[in-house]
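S.K.: Here's a structure for you.
There are 4 protein chains.
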Amino acid sequence: MHADMLEQGRAVLAQQPFSVLLGARLDVFEPGRAQLSVDLSGQLLQQHGFVHGGVLAYLADNALTYAGGSVLGGVLTSEFKINYLRPARDAEQLVAVATVVGSGKTQAVCRCDIFLQNQADRKICAAAQGTIRKVE
Amino acid sequence: MHADMLEQGRAVLAQQPFSVLLGARLDVFEPGRAQLSVDLSGQLLQQHGFVHGGVLAYLADNALTYAGGSVLGGVLTSEFKINYLRPARDAEQLVAVATVVGSGKTQAVCRCDIFLQNQADRKICAAAQGTIRKVE
Amino acid sequence: MHADMLEQGRAVLAQQPFSVLLGARLDVFEPGRAQLSVDLSGQLLQQHGFVHGGVLAYLADNALTYAGGSVLGGVLTSEFKINYLRPARDAEQLVAVATVVGSGKTQAVCRCDIFLQNQADRKICAAAQGTIRKVE
Amino acid sequence: MHADMLEQGRAVLAQQPFSVLLGARLDVFEPGRAQLSVDLSGQLLQQHGFVHGGVLAYLADNALTYAGGSVLGGVLTSEFKINYLRPARDAEQLVAVATVVGSGKTQAVCRCDIFLQNQADRKICAAAQGTIRKVE
């Protein structure tokens, strides 16, 4: 059962004022995998009415960090890159799914896909990859 | 004189609800160069009291985009990567300085340094590089 | 049948002197997917007896480009990033598998996994992600 | 005097069969900075007569690693990204200049510019950024 792990992960998220400000939720947190989501809202947009790239970058950063933390414990994000695939709009939620590609004692390499979600329909809108490092 | 350019850039920033939410300011906007800053505040932090990586990623994304836009006009961010160099804390402001490394007709490659600023003192805390594409 | 596509892809590879120098083979080339491989040999190593990171970066670059080209036609590589997961040694071959994550009219975002292969056994040793652009 | 350091760096390069295969030279190796170069030759090209992206990626990887090693000692490359700015042709040499952006006890973040060089004339053709980690 990963229920305790999810509960702990959510407690950490609740301690991140910036995540609270953006309304982020932790949906999945289990060994090797994490999922974060946010509802689209007016305050997350840029000047053309799309979700600001910085919101997607936040989601990638935090989902990658949770994925790495799921196998390493206390961690920090070392680096990541993100590719934007399409404008983020016309969706109810943004859903970021991150998985561990490979990990050692001190760091994990993770990938994250960010989806535009409308009910059961998902379209990928960004893809990220990065390094999460164990805090010593 | 780049005063008009800066004024226009600030008008765009004022139309980005997410940038307004984070309190971002456009300090410099001239051909090949842009500078954004935000004051540190409680709502930008993560659970250890450092600025959340997502805030730094937002600054990198937006500063890179302004730098690319300064030579290309209407643009969108194609991709970027960011390396975190030190925890972001003990500073009055975060200052993101982005410059164009090279540009063609349709895209520009830009770099961004993000500094922890206390009065005249600056320490680099993140470094980014990315591609900005002209909107056709 | 993608036999013609594979044959054409191999003809292009044979026209790349650098790929010939490294002994690269195109194993798979179909819409959305490409696989390149090289046999480990003394000339590909660095000073500790591991395959040089530059060889892995070459494989990532070329496999990503083939994957993008499989959906876009004539292409060039815009950018990519690579994470090294473990030293590349103790293998018969390096196998790079690249797939398209998302594509539009002018560019494709692709990912690549590079494996250390010994007969049927595969271990991932590097992970890459990048942008391939259609040549206009 | 960094003459000893340069000599040691060159001895390491001479022990890298892949660097010898490509004809790489170490021009500069001093604290925080490294420069590698290769002469353009037929074997480094792709099918259109440009230098293969894999050669540029090799140069970025190795120059970044030397720059990181100049401040950390024994190192390995953790990850890097590279943006290609223009086709690499019509030059006598490729020159890769890497510098340390920031470093701690265990890793350094470095940047690298790769130039097309003709006598005294230099044009940038690629830009890279990555993480170099101390071997423990």
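Chains as they are written, first to last, in our numbering: chain A, 12 to 147; chain B, 12 to 147; chain C, 12 to 147; chain D, 12 to 147.
From the three backbone atoms N, C-alpha and C, an ideal C-beta is built for every residue, glycine too.
Go ahead and label D:D101 buried or exposed: buried means 16 or more other beta carbons lie within 10 angstroms of its beta carbon, across all protein chains shown.
M.R.: One-based indexing of the fourth sequence puts residue 101 of chain D at position 90. Answer is exposed; the Cβ neighbour count stays below 16.
S.K.: For B:E90, decide whether its Cβ has a neighbour in chain C, counting only Cβ atoms nearer than 9 Å.
M.R.: The residue labelled residue 90 of chain B in the question sits at position 79 within the second sequence. Chain C contact via Cβ: present.
S.K.: At the 9 Å Cβ level, is D:Q19 part of the contact set with chain A, yes or no?
M.R.: Here residue 19 of chain D corresponds to residue number 8 of the fourth sequence, with the count starting at 1. False, the Cβ-Cβ gap to chain A never drops below 9 Å.
S.K.: Name the residue from C:L70, C:G115, C:C121 whose alpha carbon lies nearest to the alpha carbon of A:R97.
M.R.: The sequence position of residue 97 of chain A within the first sequence is 86, counting from 1. Taking only the C-alpha atoms, the option nearest A:R97 is C:G115.
S.K.: In this structure, does DSSP put A:V106 in helix, strand or coil?
M.R.: By 1-based counting over the first sequence, the position of residue 106 of chain A is 95. Of the three classes helix, strand and coil, the one that applies to A:V106 here is strand, per DSSP.
S.K.: Residues of chain B with CB closer than 9 Å to the CB of C:T142, please, in chain order.
M.R.: Residue numbering aside, residue 142 of chain C sits at position 131 when the third sequence is read from its first letter. Ordered by position in chain B, the residues that pass the 9 Å Cβ test against C:T142 are S89, E90, T142.
S.K.: What did DSSP end up calling B:L96 once you bin it into helix, strand or coil?
M.R.: Your numbering for residue 96 of chain B matches position 85 in the second sequence. Coil, per DSSP.
S.K.: Please check if any C-beta of chain A sits within less than 9 Å of the C-beta of B:V108.
M.R.: By 1-based counting over the second sequence, the position of residue 108 of chain B is 97. Chain A, which has no Cβ nearer than 9 Å to the Cβ of B:V108, makes this no.
S.K.: Alpha carbon to alpha carbon, how far is B:L56 from B:V62?
M.R.: As a working mapping, residue 56 of chain B is identified with position 45 in the second sequence. As a working mapping, residue 62 of chain B is identified with position 51 in the second sequence. Straight-line Cα distance between these residues: approximately 4 Å.
S.K.: Among A:V120, A:G141, A:T117, A:A109, which residue has its Cα nearest to the Cα of A:S48?
M.R.: Within the first sequence, numbered from 1, the residue matching residue 48 of chain A stands at position 37. Selected option, being the one with the closest Cα: A:A109.
S.K.: Span of the beta strand (DSSP E) holding B:F29?
M.R.: The residue you call residue 29 of chain B lines up with position 18 of the second sequence. Taken as a continuous stretch (DSSP letters only), B:F29 belongs to no beta strand (DSSP E), being part of the alpha helix (DSSP H) at 28–33.
S.K.: Going straight from the alpha carbon of A:D72 to that of B:V39, what length do you get?
M.R.: For the purposes of this step, residue 72 of chain A is taken as residue 61 along the first sequence, with counting starting at 1. For the purposes of this step, residue 39 of chain B is taken as residue 28 along the second sequence, with counting starting at 1. A:D72 and B:V39: Cα-Cα distance of roughly 27 Å.
S.K.: A:G65: which of A:A137, A:E41, A:E147, A:R133 sits nearest, CA to CA?
M.R.: The residue labelled residue 65 of chain A in the question sits at position 54 within the first sequence. Of the candidates A:A137, A:E41, A:E147, A:R133, the one whose C-alpha sits nearest the C-alpha of A:G65 is A:A137.
S.K.: Considering just the uninterrupted stretch of the beta strand (DSSP E) at A:T142, what are its terminal residues?
M.R.: If you number the first sequence from 1, residue 142 of chain A lands on position 131. Segment 132–145, the beta strand (DSSP E) holding A:T142.
S.K.: Quick check: is the beta carbon of A:L75 nearer than 9 Å to any beta carbon in chain C?
M.R.: One-based indexing of the first sequence puts residue 75 of chain A at position 64. False, the Cβ-Cβ gap to chain C never drops below 9 Å.
S.K.: Bridge partners for A:T88 per DSSP, in chain order?
M.R.: Here the question's residue 88 of chain A lines up with position 77 in the first sequence. For A:T88, which the question treats as bridged, DSSP gives the partners A:I143.
S.K.: Against chain A, which members of the segment 116–137 of chain B pass a CB distance test of less than 8 Å?
M.R.: For the segment 116–137 of chain B, which is checked against every Cβ of chain A, not one residue is closer than 8 Å.
S.K.: Check whether chain B comes within 9 Å of A:A68, counting only Cβ atoms and requiring the distance to be less than that.
M.R.: To locate residue 68 of chain A, count along the first sequence from 1; it is residue 57. Yes, contact with chain B.
S.K.: Output, in chain order, the set of chain D residues within a Cβ distance shorter than 8 Å of B:V112.
M.R.: Looking up residue 112 of chain B in the second sequence gives position 101. Simply N94, L96, D124, I135, A138.
S.K.: Tell me which residue opens and which closes the alpha helix (DSSP H) that D:Q19 is part of.
M.R.: For the purposes of this step, residue 19 of chain D is taken as residue 8 along the fourth sequence, with counting starting at 1. Taken as a continuous stretch (DSSP letters only), the alpha helix (DSSP H) holding D:Q19 covers 14–25.
S.K.: Give me the DSSP bridge partner(s) of D:A71.
M.R.: Locating residue 71 of chain D in the fourth sequence gives position 60, where the first residue counts as 1. In the DSSP output, where bridge partners are listed per residue, D:A71 has none listed.
S.K.: Quickly, what does DSSP pair C:L47 with across the bridge? List them, please.
M.R.: Residue mapping note: residue 47 of chain C aligns to position 36 of the third sequence, counting from 1. Paired residue(s): C:L37, C:A107.
S.K.: I need the DSSP call for D:G53, collapsed to helix, strand or coil.
M.R.: Your numbering for residue 53 of chain D matches position 42 in the fourth sequence. It is helical.
S.K.: Report all residues from its chain with a CB closer than 7 Å to the CB of C:Q104; omit the five preceding and five following residues, and keep chain order.
M.R.: What you label residue 104 of chain C is simply residue 93 of the third sequence in a count that begins at 1. Contacts found: S48, V49, D50, L51, Q128.
S.K.: Of all Cβ atoms in chain B, is any one closer than 9 Å to the Cβ of A:F29?
M.R.: By one-based count along the first sequence, residue 29 of chain A stands at place 18. So yes, A:F29 belongs to the interface.
S.K.: Please confirm whether D:S30 and A:Q118 have their CB atoms less than 9 Å apart.
M.R.: Mapped onto the fourth sequence, residue 30 of chain D falls at position 19. Mapped onto the first sequence, residue 118 of chain A falls at position 107. Not closer than 9 Å, so no.
S.K.: Per DSSP, A:G113 is paired with what?
M.R.: As a position in the first sequence, residue 113 of chain A is number 102, starting the count at 1. A:V120.
S.K.: Taking 9 Å as the CB-CB cut-off, is B:L37 touching chain A?
M.R.: Residue 37 of chain B sits at position 26 when you count from the first residue of the second sequence. False, the Cβ-Cβ gap to chain A never drops below 9 Å.
S.K.: Using only alpha-carbon positions, find the residue among D:G53, D:Y69, D:I93, D:Q46 that is nearest to D:S81.
M.R.: Translated into positions along the fourth sequence, residue 81 of chain D becomes position 70. Ranking D:G53, D:Y69, D:I93, D:Q46 by Cα distance to D:S81 puts D:Q46 first.
S.K.: When you compare only the Cα positions, how much space is there between A:F91 and D:D15?
M.R.: By 1-based counting over the first sequence, the position of residue 91 of chain A is 80. By 1-based counting over the fourth sequence, the position of residue 15 of chain D is 4. Their Cα atoms are separated by approximately 36 Å.
S.K.: State yes or no: is the C-beta of A:L75 within less than 9 Å of the C-beta of A:A35?
M.R.: Numbered from 1 along the first sequence, position 64 holds the residue referred to as residue 75 of chain A. Numbered from 1 along the first sequence, position 24 holds the residue referred to as residue 35 of chain A. Result no, Cβ atoms of A:L75 and A:A35 do not sit closer than 9 Å.
S.K.: Please report the distance separating the alpha-carbon of C:L24 from that of C:L33.
M.R.: To locate residue 24 of chain C, count along the third sequence from 1; it is residue 13. To locate residue 33 of chain C, count along the third sequence from 1; it is residue 22. Cα to Cα, C:L24 sits roughly 11 Å from C:L33.
S.K.: Among residues of its own chain, excluding the 5 on either side of D:Y95, which ones have a beta-carbon nearer than 8 Å to its beta-carbon?
M.R.: For the purposes of this step, residue 95 of chain D is taken as residue 84 along the fourth sequence, with counting starting at 1. Closer than 8 Å at Cβ, skipping near neighbours: G64, L67, C136, A137.
S.K.: What's the gap between the Cα of A:G113 and the Cα of C:F126?
M.R.: Position 102 of the first sequence holds residue 113 of chain A. Position 115 of the third sequence holds residue 126 of chain C. Going from the Cα of A:G113 to the Cα of C:F126 covers about 12 Å.
S.K.: Grab me the residues of B:V146's own chain with a C-beta within less than 7 Å of its C-beta, minus the 5 sequence neighbours each way, in chain order.
M.R.: Translated into positions along the second sequence, residue 146 of chain B becomes position 135. Taken in chain order, the residues that qualify are G85, V86, L87.
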